[in-house]
Each structure stands twice: as structure tokens, then as C-alpha cells.
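> Pasting a structure below so you can have a look.
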Amino acid sequence: MSNAKSLNVHPGMNLGYGEGEHEAEVKVFGFWVFLMSDLVTFGLVFAIFGTMTGATAGGPGPHDVTNLTSVSIQTALLLGSSFAFSWASLSMKYHEGRWRTLFYLSFAATSALGFLIVEGLDFMHWIEIGAVPQRSGYLSALWALVGLHGLHVAAGLLWVGAMTAQILIFGLTDTVKSRVTRLGLYWHFLDIVWVGIFSMVFLAGIA
Amino acid sequence: MNSLFGRLSWSDLTLLDFFENPSVDTAVASTASWMVVIGAILVLGWITLTRSWGWLWREWLTTVDHKKIGIMYMILGFVMFARGIAEGVVMRTHQVTALNGGFLSDHHWAELFSTHGTVMIFFVAMPFITGFMNYLIPLQIGARDMAFPMLNQISLGLTATGAALVMASLVFGPFETGGWTAYPPFTGAAFDPGPGPDYWVWAIVISGLGSMFSGMNFAVTIYKLRAPGMSYMHLPVFCWTALCTSILLTFAIPPLTVAGLMQGLDRLLGFHFFTNDLGGNMMNYANLFWMFGHPEVYILILPAYGIYSELTSTFAAKRLYGYTSLVWATMSIAVISFCVWLHHFFTMGQSPTINAAFGIATAIIAVPTGVKVYVWMATLWRGRIRFTTPMVYMAGFFILFTIGGFSGIILANPAINYQVHNTQFIVAHFHNVLLPGLLFAIFAGIHIWFPKAYGFRLEESWGKVTAILWIAGFSMTFLPLYVVGLMGYPRRSSAFEDPAFMPYMIVSVIGAFTLLVAFAGLVGTIWVSVRNRDRLAVPLGDPWDGRTLEWATPAPPPHWNFAVIPEVNARDAFAIEKVEGRPYVVPDRYRDIHLPPNTMAGFMCFLATTGFGFAMTWWIWWLAIVSALAVLVWLIVHSLRDHPHVVIPAREVHRSNQAWVEAIDLATPVTRDDESNERNRGYAATDMAEAT
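Keeping their order, the protein sequence lines are chains E and A. Read in our numbering, the first sequence has 183 at position 183, and its numbers run on one by one without any break. Read in our numbering, the second sequence has 32 at position 32, and its numbers run on one by one without any break.
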């Protein structure tokens, strides 16, 4: 165990010996910095949403756009996706073969895809009832915030696809491991943002 | 045809304006437009005629070397600076004819002050400071390159995209008319359906992303790639200011991106973030924009402070006085800069309590700035000052920047701010801090580090005259604006009615032409120096008796910067090496050096995002989709291929380092008295009684 620890400069990876460790550490740290910046972006969109909750201009309000069943399903799917990703990270760390990692990654991806589909259904419902972003400042802010998160998830899915291809082509090399680690950070980060959305936008909206 | 080019049509070509409707106004617009087209053709033709495309592609456009990327930022800054200056001179000339009118149309005037501000802040000041940080950070901390060399190139590509879009607006259609801040709802779709504000939105959002990535890259480089032994309190001061600037970039650019994208959604898809109706709230824009905009001021000025710090200690031949307090001052400024943004709209009607809080925060930021000024003064005190060009700029800076700082403290008081709000007083204030503060530092910095980058010094006589022209030109152009501002002359106004402003306008326009001559002086300095480069050569790399690690390399430094990564155990690492009598150590053993390979990522991003920005401005949807897909597909394909490092064999490193060290052994050190003449080949004698 102590031997395993000494090999792990970054706790999420198992990179083996040599120069690769420092390089990977720099890259993961850099990605944390990016996430902090992205968090500021989300924070600002949250803040704008906060100032516009009352700006419904007589149009649909929080009660009309909140479907708690759908939101719960989305939450379960996204949290489940994040959970599956943790298993992918762990198997990448403790197992040599690539298939186990790919197996969990496929769960993470399917689950996230499910999240996007359910969210898309919500969006379609909003359009049906006239809750389009052009209707009011409140709805603009709602669509921007939820949509920005959805776009992040979609981009993450593309990234999972690219990483799957890389794992198939290169195997779990140090470079690939470092990239999967960063993708993992991104994936869990999106979960945290979603917790914010689901409590501040949907729960607080109808409370 | 119409759908293929979106809403772009022949009538949007500014080139033809003059021929359709001849007047002084359209002549100015069409001339600018033709200058862009002819300039582009000349440059491309010249590259083709000299058969330089291959060289340009291999050595510059695909390079990931931080030094070359830094130089490209500087070149971009210079090209845009020429435009910014030209616009300034046209505007001043208009103002002198503006008693009850003027030779430009109101719309053209509004475009001019909008592009001038946008160009100067985003595409002159930002590339200049990013260029300096790119060039200096890895050299000063003893690293081989940035933490993310490819991202660095992409950042440059994104910045160039913004510049390209603003240049395109000279040829195709009008630019935005709401100033560099582009306040909606004036810039909203209801008042201005486009394409001007769209140019602004996409130029700013795309280049902003580039700046944000640069900030992260610099921060991670400084955090993680410092040479062994270089603790934070051993960092060169410039790196401290660069670190604080990087933190500001990382956190302050997101508000700009968010504001820009929301503005874009309002304009393109009919959202209601900042509109007048249906719950839109323009104050959100003001808050977001200045949450970026105020830290931006310090993003620009902090690296300039870094340059002044290196300048005083090098040219006074003394250790920087009060290093620790300077570091604390820098950090304090970085933090407080986020607490003052509301002073940009004291008069918009928030409560007096809020105004007071932001007024106090604004006044407080003058304290660490004052600390810095005293640190520089104390460093110069009893130093053996050489009054070379950088010191001329420093002298101008000291006096003029202090005046600008004081006018800032005056403005920090909300009650006074109500009186001078939106007058020329404000124009005088921010030019007063940005010109002597930022630009003088850049020019001084160019004189200091140009020999490092190119291996020859700049001509001193030309440099000094140019510096004096900048100081005189600045004083004449902008100091009179304080007076007319107090007399009640509004800013951004295309005409005025009070004849009492006229004398000041005349002084101001003379100043503007002086600044134009000063710019020519800058170009002339470089031109003359290039011609005399053999006489001015300093290949040995340390012409000014420098104190930090970048001077411990040949000029220009090899691609890999250092033959071996230096070990550091004190501040002013190179000066300490010299004190201990062991600079230019020959290592026991050379190793292979691994460097990242060239890539076309940055250039691809430049092409695709320029296409995207242009398409979004003119509603050419197919082009927008193609460009966005191009970036995505390219990134994925790029990630699926292997990119082996370039290996510089130990033999080659040995040969190159040995040759340099031997050349130093053969040379005689020059004293400071000979610094400006041709005996200075870049091997400075060190008088360490003075130096430490």
C-alpha cells in the first residue's frame, strides 16, 4: 500500500515512474484552475438568474416550468452518471486492462445521455406552454442557466466519446489516464452545478 | 445569393462609400477601408515575393515557443496600435472643427470612439502585456516553456481573431456606436439591429476566451514550473505582477464572456436580459461589464508596474527597495480591484450607502499604488542612475501617472463624481493613467528587452527623442481635457457650442499630431536600429547588468532557454550568481532536452473562429456551422494522433552553450559608462558594491 502511495503523485492516477508524473500533475492542476474560472461563469449566470426570478412579465413563472418528477429523474441520472465515472476512474487506477474502464464509462455516458433526453423533453414542454426565452427576462435567464449546463453535459459526452476512441487506440497510457482524470473532474463538477440548479432554480422556485 | 452571404450585400462595402456619396466623412471612412485592403495585399504580396511562406509557417505560425508567441503578440499590438493612433488623431482633428459641427458625421464619430476604445484596450494594451508576459515569465522563472504550449498558441489565435474581426469591420459595414463598453439597450437589436454591435460581441467574446486561457496558462506556469529553489518570495517582481494579472484574467474575464454572450442572445435570438421590455434589466449588463472592466484596468497596469520595478532596480543598479511591500501591494491591488467596479456608474441611481462603500474601496486602492510609487522612488534614491531611454519614460511616468492617480482619487468621491460624470474630465483621467502608466512601461520595456529578443540594442538617441515626444504629446493632448471637462464639455459628444473650449482643442490637436510623430519615432527607432544591428549587437546577452535569470542566457536565447535548468537560492538570481563570482556556469553534464512539437492548432482556431465570428455577425449560418464543426473535428482528430516531443540532443546543447561561454570568456566586461556605445556587446561589468 505504501508503495502504491509513493507511485501516486496525483491521487486519481497511477502513472508509473518518471517524468510523466510531474507533467500530469501540472495538467490536472491547470484543469482545476479552468474549473474555478468556469465556476465563476456559472456563478454569474446564477446571479443573473437570481435577479430575474421576478421578471416574468406576466408570462409563465417557476410553477409552470417546474416538473419535480422530471427533475428528480434528471438528478438521478446525472448523479448516477457521476457515480459510474468514479468506478471508471477507480478501475483505471487499480486494473491494468482497458475494458473494465470502458465498461463503466459506457454507463456514465448512457446515463448522461438519458439526462439530456429527459431535459430535452422538459424543454419541449416549456415550448408548448409558451415558456420560451423570448417571453420574459425570467425565462431568458432560466433557459440560459439550464441550457448552459446542458451544453456542458453535451460537450462532456463528446469528450467521453473522444476518450473512448483514445483508450481503444492507445490503451491506458499516462497521457490518456491524465486526460480521463481531467474529464472526471469536469464530470463531477457538472454534478455540483446541477445540484445548484435543482435546488436554486426548481426547488426554491416553487417553495 | 442573398442567403449564401447572409445579410451581407454590396452596399455594406465601406470601400465604395466615397464613390457613391462623396464627402469628407465618406472619404475618411473609405480611405481607412482601402488602407486595410491595400495593406493586406502588400503584406501578402511581399511574403510571396520574398518566398517566405514556408519560413513563416514553420518558424512562426506553427511554433509553440513562448518567446516567438510573445513577439507575435507584440507585432499584433503594434499593427493595431497604428490604427488606434490614427483614429485618435482623426478624432482630435474632428474636435478642433467641432464648434457647432465638425467634418465627420455623428454616426462616424460614434463609430470612431467605439473602435478606438475597443482597439486600444483589447487589441493594443492586452496583446502588449500578454506579449511581455509570454516572453518573460518562463525566462525569469527558469523554465523551458509555458505549462501549456499548444494552448498558448491557441490563445494567440483567438486574440488575433478579435483583431481580425475589428479590422474586417473597416471594410464590411459599420461598427458599433455605443463606445467600448457597448451598453445595451442602446446596442440592443431594437435600437441597432446590426451588424456593428455583433462585430463587437464576437470580437470581444472570442478574444476574451483567448485572454482567459492565457491567464490560466501564466498562473499555472508560475505556480508549477519555477526553477528548483525559487520560492514565491524569490520570484522576480515582474512575475509577481504577472501572477496577479493572471489570477485577475482567470476570474475577471468570465463576467465579460457572460455579458457578451447574453448580449448576443438578446440580439440574435430575442432574449430579454438587457432589453427595455419584458423584464430585461440593463443594470445587470453594467454590473457584469464592470465586474470585468475594473479588474481589467489592473490586468493592464500590474505588469506595467512589474516592468517599472525591474527598470528602476536595473537602471539604478540597486536591489529593489521594499520587495516584500511591493509584493503585498500588488496582491492587495489585485483583490481590491474586484471591489470597486460600481464607481463606473455612481450616477445610475443606486443608494448613497452603496455609492459610499464603492467610493471608499476605490480610494483605498490608491494606498498600495502609493506604496509602489514610494518603492520605486526609494530604489532610485542614491542609486547610480543611468539616464537611458527607459529612465526617460520612467521620469515621465512618475510625474504624469501621479497626476492621473490624483484625478482618480478625486473621481472616487461620489459627490464630486456627480459633477464630472461623463465629461472630458473622465477622458483625461483614464488616458492619464493608461498612457504614462501602461504604454510608457511597454515602450521602456521594449528598449530593455528588445536586445534580449533580437540580439541587438535599440538606438539610444532615437529612443530618447521618441520618449520625450511621447511625454510632450501626451501632456498636450490630454491634460487640457481636464479643464474642458470641468467646464462642462461632455465626453463622446461629436460637437460643442461653447467657443471657450477652442483654445484647449487646438492645444489638444497639436498634441495628437505630436503623438503621431512619436509613433513614427518608435517605428524609426526600430528601423534605424535594424540597419545598425551589427554595431548594436549584444550576443552575449546581458547588456544592462541585469539581475534576473533571463539575462543569464545568450541574446537571442536558444529555443530551449537554458542549457540546464538553473538552481536558485535567492532573489535576483542572476545578480547573486554574479556577486558570488560564478555566473555562466558550465554544467558537468548535458542532457537531451525534450520540447513540444510544432502544431497548427492555433492557426486552425484563428481561421475557424474568425469565420465563425464573421458568420455570426452577418448571419451566414452555413459558415458558422462549418467553422464550429471544423474546430470540434480538428480537436478530436488531433487528440487521436501521437505527437512525439522534439528532442534536442545533449551534443547540440553542449555545442551551443560552450560556444557562448567561450565567447564570454574572450570578451571584456563593459562598465555602465560604456553601456550606450558600441563597446557594449552584452557582457556587463558588475559593480556589486552598488548592486547589492
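Using N, Cα and C, we set each Cβ at its ideal position, and we do this for glycine too. From a predicted model like this one, the values you see are computed outputs, not experimental measurements.
Kindly indicate the opening and closing residues of the beta strand (DSSP E) around His694(A).
Outside the shown range of chain A (1 to 692) lies residue 694(A), about which nothing can therefore be said.
> State the Cα-Cα distance for the pair Ala512(A) and Pro303(A), rounded to the nearest angstrom.
Cα to Cα, Ala512(A) sits roughly 26 Å from Pro303(A).
> Mind checking the region 252-272 of chain A against chain E and listing, in chain order, the residues whose C-beta falls within less than 9 Å of any C-beta there?
Residues Ala252, Ile253, Pro254, Pro255, Thr257, Val258, Ala259, Leu261, Met262, Leu265, Asp266, Leu269, Gly270, Phe271, His272.
> Can you tell me which residues form a DSSP beta bridge with His343(A)?
None, per the DSSP bridge assignment.
> How would you label Ile448(A), buried or exposed, when you count the other beta carbons within 10 angstroms and need 16 or more for buried?
The residue is buried, with at least 16 neighbouring Cβ atoms inside 10 Å.
> Under three-state DSSP, which class holds Ala84(E)?
Note: Ala84(E) maps to helix in three-state DSSP.
> Comparing the C-beta of Met124(E) with each C-beta of chain A, is any distance below 8 Å?
Not an interface residue.
> Between which two residues does the alpha helix (DSSP H) holding Val523(A) run?
Run containing Val523(A): 502-531, per the alpha helix (DSSP H) assignment.
> DSSP on Ile416(A), reduced to helix/strand/coil?
The answer is helix: DSSP assigns Ile416(A) an H, G or I state.
> When the Cα atoms are used, what is the spatial distance from Gly173(A) to Ala29(A)?
The alpha-carbon atoms of Gly173(A) and Ala29(A) are separated by roughly 10 Å.
> Strictly by DSSP, which residues pair up with Ala537(A)?
Partner(s): Phe456(A).
> DSSP three-state label for Leu13(A), please.
Three-state DSSP puts Leu13(A) in a strand.
> Between Gly205(E) and chain A, is the shortest Cβ-Cβ distance under 8 Å, so that the two count as touching?
No, Gly205(E) lies away from the interface with chain A (no Cβ there is under 8 Å from its Cβ).
> Please tell me whether Gly131(A) and Ile206(A) are closer than 8 Å, where the distance is taken between their beta carbons.
No, the pair does not count as a contact, with Cβ atoms beyond the cut-off.
> Quick check on Leu44(E) - is its C-beta less than 8 Å from some C-beta in chain A?
Closer than 8 Å to some Cβ of chain A, the Cβ of Leu44(E) qualifies, so yes.
> Using a Cβ cut-off of 9 Å, pull out every chain A residue sitting near Phe29(E), in sequence order please.
Within chain A, the residues near Phe29(E) are Ala147, Val220, Tyr223, Lys224.
> First and last residue of the beta strand (DSSP E) that includes Leu595(A)?
That run of the beta strand (DSSP E) goes 593-595.
> So, are the CB atoms of Pro149(A) and Tyr73(A) less than 8 Å apart?
Going by C-beta atoms, Pro149(A) is not nearer than 8 Å to Tyr73(A).
> If the cut is a Cβ gap below 7 Å, which residues of chain A does Gly137(E) touch?
The answer, in chain order, is His272, Phe273, Leu278, Gly279, Gly280, Asn281.
> Would the region 262-272 of chain A and the region 212-226 of chain A be scored as touching if the rule is three or more Cβ pairs under 8 Å?
At 8 Å Cβ cutoff, the stretches do not touch.
> Would you please verify whether the beta carbon of Thr41(E) is less than 8 Å from any beta carbon of chain A?
Judged by the 8 Å Cβ criterion, Thr41(E) is in contact with chain A.
> Starting from Thr101(E), find everything on chain A with Cβ-Cβ shorter than 7 Å and list it in chain order.
None at all; the shortest Cβ gap to chain A is about 17 Å.
> What does Ser639(A) reach in chain E if we use C-beta pairs closer than 9 Å?
The contacting residues are Ala162, Met163, Ala165, Gln166, Arg179.
> Given a threshold of 16 other Cβ atoms within 10 Å of its Cβ, counted over all protein chains shown, does Asp122(E) qualify as buried or as exposed?
Per the 10 Å Cβ criterion, buried.
> Output, in chain order, the set of chain E residues within a Cβ distance shorter than 7 Å of Asn284(A).
Residues of chain E passing the Cβ test: Ile48, Thr51.
> Got a sec? Which residues, its chain only, sit under 6 Å from Arg672(A) by beta carbon, not counting five neighbours each side?
Hits under 6 Å: Arg386.
> By the 10 Å Cβ neighbour count, where 16 or more other Cβ atoms means buried, how is Trp551(A) classified, buried or exposed?
Buried.
> Can you tell me the Cβ-Cβ gap for Gly485(A) and Thr423(A), rounded? I've got them flagged as a contact below 8 Å.
Gly485(A) to Thr423(A), Cβ: 4 Å. Contact.
> What does a CB cutoff of less than 8 Å around Gln350(A) pick up in its chain, not counting 5 residues either side in sequence?
If we look at Gln350(A) and ignore the five residues flanking it on each side, its Cβ neighbours are Leu342.
> Within a Cβ cutoff of 8 Å, which residues of the same chain sit near Glu59(A), ignoring the five residues on either side of it in sequence?
Lys68, listed in sequence order.
> Measuring only the C-alpha atoms, how far is Tyr17(E) from Val28(E)?
Low local confidence applies: a pLDDT of 48 at Tyr17(E) is under 50, so the model's placement there is unreliable, and no value is given.
> Does any CB atom of chain A fall closer than 8 Å to the CB of Pro60(E)?
No, Pro60(E) lies away from the interface with chain A (no Cβ there is under 8 Å from its Cβ).
> In terms of residues, what are the limits of the beta strand (DSSP E) holding Ile192(E)?
Ile192(E) -> not in any beta strand (DSSP E); alpha helix (DSSP H) instead, spanning 174-197.
> Do Thr609(A) and Thr161(A) have their CB atoms nearer than 8 Å?
Cβ atoms of Thr609(A) and Thr161(A): closer than 8 Å.
> Locate the alpha helix (DSSP H) running through Val65(E), then write down its first and last residues.
Where Val65(E) is concerned, the enclosing alpha helix (DSSP H) stretches over 62-65.
> Any beta carbon from chain E within less than 8 Å of Thr250(A)'s own beta carbon?
Output row for Thr250(A): interface = yes.
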